[in-house]
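Since the structure comes first, as structure tokens, the remarks are kept for the end.
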Amino acid sequence: MEREKVVWAALVAIILFLVWKTLKELITPIVFGIAATYIAYPFYVKLANKVGRRWSLLIVSAIVSLLSILFLIGVALWITDTLKNLYTYLDAFFSWLGTLKVPGALSSLFDAMATSFPEKLRGMLLQYTLSLPKLALQLIVFLAVFYATLANADFLAKEVYELLPSTNRDISERMLTKVRNTVDAILKTWLFFSITKGFFLSIGFYIFKLSNAAGSIAAGILCIILELLPFMGGWIMWLIGAMLLWHRSPGLAVLFAIYGFIMISPLPDYTIKPRLTKHRAKVSSVVALVGIFGGIMAFGAVGIILGPIAIGLLFALIEVWKEYEAKRSSKAHQSQDA
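Just so you know, we're using this note's numbering here: the sequence shown kicks off at 11 and counts up by one.
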């Protein structure tokens, strides 16, 4: 019997090792494919109620495929110049950030980001610059995962709940709820809102001729980063753009400032964002910041999702442990009273 257990354990270990070696280079597109499904699912369901599930699946998949193709074309055309501009912007930004008077813990975090984040981001972008076929392959995997998970979303959700252990099931369900709340807050609020603002800033920079296409894309990426930082925001980018335009044309500078105020910040923060967060759990901005940037430094691009989830699970474990200790001490007092 013991020999049989050893054989089965060895077999499982070998299978897991082979699966890991097979999927190791594809973890990023797989995770992003699942994340994209999570974001698109509400839209898919609403559309399915009008045109049917099959057509809804085809329409949503076609939209995501088109965006993926445009992304690949953009990378092929502008990634090198975008990388140069972004590195220049980040260097100037972190130099300015170091001059701010902020609490000690936040200052240490900014220093750590200034030394490691630009290089990490540069390395992530370079690996795609040097290997466009690899990026194309990852996009194919991303689209395949997105289509498969969206088509079978209800079945997969049911399977996940069935896999939860029967013992201490309430703890497992709370952990799963914590993951869902964290992913909701990060993907559907923070990242979605930040990426939308970055997109509008890039459009504004290009239309008002503040920079070329590559420089505008780099400015949009920096806007996304600023939106993720506490006490910062995309308003810094449109304010800098308006100041640069002022020397060329005060009228254009005023128009760009109005555009930035309405489309980037702060107007959307008071009109659109409250609607996005109305029925969702709150996630601390500092926790999200540490999770996102720490995740990027540790895991690369996929750390945007894995980092906040890891920290969210840690907090869930702490909450469960506190409740367990409180119940145990309560039982101990009751037994003493008896």
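Ideal Cβ placement from N, Cα and C applies to all residues, glycine included.
Owing to the predicted nature of the structure, the values given are computational and were not obtained by experimental measurement.
Classification of residue i by the beta-carbon crowding that lies within 10 angstroms, buried from 16 upward
| i | result |
| --- | --- |
| valine 29 | exposed |
| aspartate 164 | exposed |
| lysine 219 | exposed |
| threonine 32 | exposed |
| glycine 313 | buried |
| glutamate 237 | buried |
| threonine 177 | exposed |
| leucine 142 | exposed |
| lysine 15 | exposed |
| alanine 336 | exposed |
| serine 340 | exposed |
| phenylalanine 303 | buried |
| lysine 168 | exposed |
| lysine 207 | buried |
| serine 259 | exposed |
| isoleucine 282 | exposed |
| leucine 26 | exposed |
| tryptophan 200 | buried |
| isoleucine 24 | exposed |
| isoleucine 328 | exposed |
Residue closest to residue i, alpha-carbon to alpha-carbon, out of the options
| i | options | result |
| --- | --- | --- |
| leucine 87 | Thr192, Ile274 and Gly225 | Gly225 |
| tryptophan 106 | Val264, Met273 and Met242 | Met242 |
| proline 284 | Asp101, Val193, Phe203 and Lys34 | Phe203 |
| glycine 322 | Leu299, Ala336, Ser339 and Phe309 | Leu299 |
| isoleucine 181 | Ala20, Ile24 and Glu333 | Glu333 |
| phenylalanine 152 | Gly84, Gly43 and Met253 | Gly43 |
| phenylalanine 266 | Tyr280, Ile234 and Phe215 | Phe215 |
| alanine 223 | Asn59, Leu286 and Gly84 | Gly84 |
| isoleucine 268 | Trp248, Ser339 and Arg64 | Trp248 |
| glutamate 35 | Leu145, Asp101, Ala58 and Thr109 | Leu145 |
| leucine 197 | Leu67, Val170, Ala252 and Ala45 | Ala45 |
| serine 104 | Ile235, Met273 and Leu324 | In the sequence as presented, serine is not what sits at residue 104; that position holds phenylalanine. The residue with the shortest Cα to Cα distance from phenylalanine 104 is Ile235. |
| leucine 149 | Ile37, Gly301 and Ile24 | Ile37 |
| isoleucine 274 | Lys111, Gly251 and Ile25 | Gly251 |
| isoleucine 73 | Leu201, Thr47, Ile24 and Ile89 | Thr47 |
| alanine 195 | Asp279, Leu173 and Leu286 | Leu286 |
Collapsed DSSP secondary structure at residue i in the structure displayed
| i | result |
| --- | --- |
| proline 276 | coil |
| methionine 307 | helix |
| methionine 109 | Residue identity differs from the one stated: residue 109 is threonine in this sequence, not methionine. Coil at threonine 109, not helix or strand. |
| asparagine 162 | coil |
| arginine 258 | coil |
| asparagine 222 | coil |
| serine 78 | helix |
| methionine 242 | coil |
| threonine 177 | coil |
| glycine 62 | coil |
| isoleucine 282 | coil |
Own chain partners of residue i with C-beta closer than 6 Å, once the 5 adjacent residues on each side are dropped
| i | result |
| --- | --- |
| leucine 232 | Tyr99 |
| alanine 20 | none |
| isoleucine 40 | Val155 |
Residues near residue i by beta carbon distance below 7 Å, same chain, minus five either side
| i | result |
| --- | --- |
| alanine 228 | Thr92, Asn95, Leu96 and Tyr99 |
| valine 330 | Ile181 and Arg184 |
| phenylalanine 271 | Leu277 |
| isoleucine 319 | Val189, Thr192 and Val193 |
Residues near residue i by beta carbon distance below 8 Å, same chain, minus five either side
| i | result |
| --- | --- |
| phenylalanine 309 | Leu316 and Gly317 |
| leucine 239 | Leu299 |
| valine 8 | Because the chain here runs from 11 to 348, residue 8 falls outside it and cannot be looked at. |
| leucine 255 | Phe218, Leu220, Leu262, Ala263 and Phe266 |
| phenylalanine 205 | Here the sequence assigns isoleucine to residue 205, which means phenylalanine is not the residue at that position. Excluding residues within five positions, the ones whose Cβ falls inside 8 Å are Ile234. |
Kindly confirm or deny that the stretch 241-258 and the stretch 203-213 touch, where touching means at least three C-beta pairs closer than 8 Å. yes
Does the stretch 74-83 come within contact of the stretch 182-189, defined as at least 3 CB pairs closer than 8 Å? No contact exists between the stretch 74-83 and the stretch 182-189.
Within 8 Å, do at least three Cβ pairs link the stretch 51-68 to the stretch 152-162? yes
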